[in-house]
Amino acid sequence: MDRSVNVQKGALVGAVWVIILVAAIITGSFFPPLVKENFDLYNSYEYSQMYLEDEPYSDLVIEYDYVWEYGPTERGIGELEEKVDNYTEKEKIRTEVDDVIDPIDTTNPYDEEDLKDLMEDYKDHERKDNTISIHVLYLNGYWKESRRTLGLSKKPYNIVIFKEALISFTSGTQDLAPEDIEPSVLVHEFGHLLSLVGDGYESDHEDEENDYHCNEEGGECVMDASVEIKNNTEQGPPPTDLCELCKEDLEEIKNMDRPFSFVDLMTYGIIGVEAILGIGASIAIISKDKKREPPEYAY
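In this text, residue positions in the sequence shown follow the working numbering: the first is 32, and each later residue adds one.
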């Protein structure tokens, strides 16, 4: 009889630990991506990897929203789409010129809150199924930090172009028009969405005086700081392509491993709780009936 009971207890304990093992595997496999996806808790360069690689998002949408009379040019749209195609592994890329925004009072320059509100109001595409998006916002007016700022990237999905600043910058020259600079600014800000230069990783060609920009000496890299905050037009239109060093950085970003995060800590905590429950259940099963009085037999 005792042997039969022990076998039953052993089977129950084994079943408990099979359940715990399955629960731990499910937790480790599904909990981190589920939490990250629902709460947008990815590391900065993980978003860049989403753009660069064909998994889990094989398709990419470039959505443009713009203030009336300050919209993108065909040249700028074409340049960005070409570079997205060149730099990423996306199978399908499409462009949508979407909402026309009523003229905005620019008595006061745009600040962070202004940009956040506009992005929330007009961005239509989210990460969904196999598609990820870039939201490009064209505005009149200027950036609060500097009237010389031509564009900004707002990770993880947004690019802002200050079209009025582009027009103002080129108005004093005979050699350059806004459409000569616009393609470079678009590609430059896309480069920042891809974590260029040195954003979350070490780069030996990051400009020491201008964080996250390239110090390539030939002046042929679109990630030069002067593309974003233009200082002069003496050398003609700025470059629209990455230098070889920045292209090598993109390969490094693709291969970067994910560091330990708070989500991982939560995952291990849950698995630990599951293990404790398994131990508790096992002890309860093994100790069951030990305190019972021995049965009485009548002869």
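Idealized CB from N, CA, C, for every residue including glycine.
Just so it is clear, the structure is predicted and the values come from calculations on it, not from any experiment.
To which residues of the same chain is residue i closer than 6 Å at the C-beta, ignoring the five residues directly before and after it?
i: residue 115; result: 124
i: residue 316; result: 40, 43, 44
i: residue 184; result: 190, 220, 223, 224
i: residue 128; result: 95
i: residue 163; result: 81, 88, 91
i: residue 32; result: With a pLDDT of 49 at residue 32, under the threshold of 50, the modelled position of this residue cannot be trusted, and the question is left open.
i: residue 246; result: 236, 238
i: residue 330; result: Because residue 330 carries a pLDDT of 48, less than 50, the predicted location of this residue cannot be relied on, and the following value inherits that uncertainty. There are no such residues.
Give me the residue from the options with the minimum Cα distance to residue i.
i: residue 96; options: 259, 191, 40; result: 191
i: residue 149; options: 88, 171, 162, 299; result: 171
i: residue 85; options: 161, 107, 246, 112; result: 161
i: residue 103; options: 251, 239, 195, 296; result: 195
i: residue 275; options: 137, 118, 295; result: 118
i: residue 285; options: 78, 51, 250, 218; result: 78
i: residue 307; options: 52, 35, 37; result: 52
i: residue 167; options: 240, 147, 35; result: 147
i: residue 137; options: 105, 165, 193; result: 193
i: residue 139; options: 159, 176, 105; result: 176
i: residue 273; options: 288, 287, 251; result: 251
Assuming residue i and residue j make a contact with CB atoms under 8 Å, what is their CB distance in whole Å?
i: residue 99; j: residue 131; result: 5 Å
i: residue 201; j: residue 209; result: 5 Å
i: residue 90; j: residue 122; result: 6 Å
i: residue 169; j: residue 88; result: That pair is no contact at about 24 Å.
i: residue 126; j: residue 112; result: 6 Å
i: residue 268; j: residue 207; result: 6 Å
i: residue 120; j: residue 83; result: 7 Å
i: residue 107; j: residue 298; result: Actually they are not in contact, since the Cβ atoms of residue 107 and residue 298 sit about 43 Å apart, beyond 8 Å.
Less than 7 Å between C-beta atoms, sequence neighbours within five positions excluded: which residues of the same chain meet that for residue i?
i: residue 41; result: none
i: residue 39; result: none
i: residue 234; result: 228, 280
i: residue 218; result: 110, 111, 114, 253, 271
i: residue 248; result: none
i: residue 37; result: none
By Cβ distance, which residues of its chain are closer than 8 Å to residue i, with the 5 residues on each side in sequence left out?
i: residue 48; result: 309, 313
i: residue 75; result: 186, 187, 226, 230, 231
i: residue 197; result: 181, 209, 212, 213, 216
i: residue 244; result: 228, 237, 238, 254, 255, 256, 259
i: residue 242; result: 229
i: residue 55; result: 302, 305, 306
i: residue 319; result: 40
i: residue 134; result: 98, 99, 100, 171
i: residue 287; result: 76, 80, 231, 232
Quiz item: Should the segment 278 to 286 be called in touch with the segment 222 to 230, which here means at least 3 C-beta pairs below 8 Å?
Solution: yes
Exercise. Ignoring anything shorter than 3 residues or poking outside the segment 51 to 123, list the beta strand (DSSP E) runs there in chain order.
Key: Taking 3 residues as the shortest admissible run, the segment 51 to 123 contains the following complete beta strand (DSSP E) segments, listed from N- to C-terminal end: 90 to 98.
Quiz item: Whole alpha helix (DSSP H) runs in the segment 159 to 226 with 4 or more residues, listed along the chain?
Solution: 194 to 201, 209 to 224
Practice problem: Would you check if the segment 87 to 96 and the segment 142 to 157 touch, i.e. whether three or more CB-CB distances between them fall below 8 Å? | Solution: Judged by Cβ distances under 8 Å, the segment 142 to 157 makes contact with the segment 87 to 96, as three or more pairs qualify.
Quiz item: At which residue ranges does the segment 269 to 316 contain complete alpha helix (DSSP H) runs of 4 or more residues, listed in the order of the chain?
Solution: 275 to 285
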